[in-house]
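The numbering of the sequence shown is our numbering, which starts it at 862 and goes up by one.
Report on one structure; see the data block that follows.
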Amino acid sequence: MIQKYLIKVGIFLLNCSYSVFKLLPTNSNKVLFLSRQSNKPSIDFRMIVSQLEEDRDVKIVIMTKRIEKNMKDVLFKNVPLFLRQMYHLATSKVCIVDGYNITVSVLNHKKCLIIFQIWHSLGAVKKFGYLALKTPYQQMIAKELKMHKNYSYIIAPSMEIKKYFKQCFGYKEDHFLLGTLPRIEYLKTHHRVNKEKIYRKYPQFRNKKIVLYAPTFRTQGTDRTQEIIDAFQNSKYLFILKVHPNTKTKYRISNCVYDCREFSTLQLLSVADYVITDYSGISLEAASLKKPVYIYGYDFEDYQKDPGMNYDLKKEFGKYFFEDAHALYECIAHEKYDKQVVIDYFNKYVVQTQDVTQKLVDLIIEKGLEDEETDYRLFEKTS
């Protein structure tokens, strides 16, 4: 109960400070990018910025910084950051976020500020937001910190994903726009460039069959990553282990296993012949390139319970879903992959595939930077 009132006091103080910043004039060409997913701008942010600057005279401000998730003191330990964010929120016409941001959701903004949520994952395999609240404590924190409030528009890549986004974000139909993250375009346009960069760093990758394993981050439960490493060690394949940056576990590896920390997972897709993942959005990103995708879902039953999944990857991938690492290895080694599986999977969850950055920027300009009251919603309302 004390924590609840501390949060209320913190938000009250933030809004008091923000009321002063709101006296400043709004720059009608200013676009603010906020993220706490990383300390540097994502490829999606960078591509949107590049296209915006090409299409229009805009002032761009990018603020990306990971903040601690301990809600007990998160409001008080990040005051300097919040003050800078408040200044830019008060003076911007458009704000673009790719996840939950405290100042975006808890503050009372000017009516002229348009906020776009583009979400940092291409798909929605895992439950998040309001669908992931399991306990009264989590529900209290979400309510007090106004989780995912204040968005003007939420970008969804398909009707199927929008169905889950509506529940996860807690918004109705008229807040959604159809759009795809620019990374889909990046994967295709930078495929050859990324491949050559990686080959220069790792010349031994040339003319080899490469398996990329990129699992989602786990905060608890069983970790059977070592089993998939062991299954491919001393095989004819080179194995790239790309675990989440927050993963602290150390694994036993041999000379044929690489972490390739100099390159992002998106870049590594360019050299991967096979992609193994679990409940990560990388399955859709790999599918966009028609790469053979295998699901290593050794904790599938547990994961369905907590945090939960929006759709069933066991059904989506059929015979390419495995709970046993050695069975997965045998499938890659001895069976030809049916690429129609990944084609159907991608087409189900992502609609736009051409000129996606330009189309997304057009929406940002039309709905955010221009004054017309035109309705640019691309989804039909349901009764």
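Don't be surprised by glycine CBs; every beta carbon is placed ideally from N, CA and C.
Among the residues of its own chain, which have a CB less than 7 Å from the CB of T925, if the five just before and after it don't count? S896, S899, N900, K901, P902
Does the segment 1085-1093 come into contact with the segment 1181-1188, if we say contact requires no fewer than three beta-carbon pairs (one atom in each stretch) closer than 8 Å? yes
DSSP three-state assignment for M1008, whether helix, strand or coil: coil
Exposed or buried, what is K1242 when buried is set at 16 or more other beta-carbons lying within 10 Å of its beta-carbon? Because K1242 sits at a pLDDT of 38, beneath the cut-off of 50, its placement in the model cannot be relied upon, and the point is left open.
Just grab the DSSP bridge partners of F1183 for me. Y1157
Cβ-based burial, S1148 [other Cβ within 10 Å; buried from 16]: In the sequence as displayed, the identity of residue 1148 is Ala instead of Ser. The residue in question, A1148, is buried, as its Cβ has 16 or more Cβ neighbours within 10 Å.
Where does F894 fall in DSSP's three states? strand
What does the Cβ neighbour count give for S1144, buried or exposed, with the cut at 16 atoms within 10 Å? When all chains shown are included, S1144 counts as buried.
What separation, rounded to the nearest whole angstrom, lies between the Cα atoms of K865 and Y991? 18 Å
Same chain only: Cβ atoms within 7 Å of Q1219, ignoring 5 sequence neighbours per side: The residues are Q912.
Considering only residues of the same chain and omitting the five flanking positions on each side of K1103, which have a CB-CB separation below 8 Å? Residues of the same chain with a CB within less than 8 Å of the CB of K1103, apart from the 5 flanking positions on each side, are L1073, Y1074, A1075, D1120, C1121, T1126, L1129 in chain order.
Under the assumption that K954 contacts T887 (Cβ atoms under 8 Å), give the Cβ distance between them as a whole number of angstroms. 6 Å
Along the chain, where does the beta strand (DSSP E) containing I1226 start, and where does it finish? It is not in any beta strand (DSSP E) - I1226 carries neither H nor E in the DSSP assignment.
Measuring alpha carbon to alpha carbon, tell me which residue in I963, P941, M947 is nearest L885. By alpha-carbon distance to L885, the top candidate from I963, P941, M947 is M947.
To the nearest angstrom, how far is the alpha carbon of N1055 from that of V1217? 20 Å
Start and end of the alpha helix (DSSP H) containing T1086? 1086-1093
By the three-class DSSP mapping on this structure, what secondary structure does I979 have? coil
Is L994 close to chain B? Criterion is C-beta to C-beta, closer than 7 Å. Note that chain B does not occur in the displayed structure, where there is just one protein chain.
Pull up the CB-CB distance for I1071 and L1099, whole angstroms please, since I reckon it's below 8 Å. 5 Å
Leaving out the 5 sequence neighbours to the left and right, which residues in its chain are closer than 6 Å to V892 when beta-carbon positions are compared? If we look at V892 and ignore the five residues flanking it on each side, its Cβ neighbours are V919, I921, V955.
Considering only the alpha carbon of each residue, which of G1158, I1193, Y1190, K1166 lies closest to K1176? Nearest C-alpha to K1176 among G1158, I1193, Y1190, K1166: G1158.
What span of residues does the alpha helix (DSSP H) with T1309 cover, start to end? Residue 1309 lies beyond the stretch modelled for the chain, which goes from 862 to 1244, so this question has no answer here.
Going by DSSP in three states, V958 sits in which element: helix, strand or coil? strand
Per DSSP, which residues does K1023 bridge with? Please list them. None, per the DSSP bridge assignment.
V1154 and P1018 look like a contact to me (Cβ under 8 Å); what is the Cβ gap, rounded to whole Å? 17 Å between Cβ atoms; not a contact.
Alpha carbon of Y1060 to alpha carbon of K1097, nearest angstrom: 18 Å
DSSP three-state call for T1041: helix, strand or coil? Coil.
Would you kindly work out how many angstroms separate the C-alpha atoms of A1003 and P1168, rounded to a whole number? Distance between the alpha carbons of A1003 and P1168: 15 Å.
Spatial neighbours of Q978 within its chain, please: C-beta separation below 6 Å, excluding the five flanking residues on both sides. V958, Y1012, I1015
Could you compute how far the alpha carbon of K1062 sits from the alpha carbon of K1049? 21 Å
Between Y1190 and M1001, what straight-line distance do the alpha-carbon atoms span, to the nearest angstrom? 44 Å
Short check: CB of S1141 to CB of H1052, under 7 Å? no
Among L1006, K971, K1109, the one whose alpha carbon lies nearest that of V870: Cα-wise, what sits closest to V870 is L1006.
Does the Cβ of Y998 have 16 or more other Cβ atoms within 10 Å, making it buried, or fewer, making it exposed? It is exposed - the Cβ of Y998 has fewer than 16 other Cβ atoms within 10 Å.
Sort out for me which residues DSSP pairs M924 with in a bridge. L895
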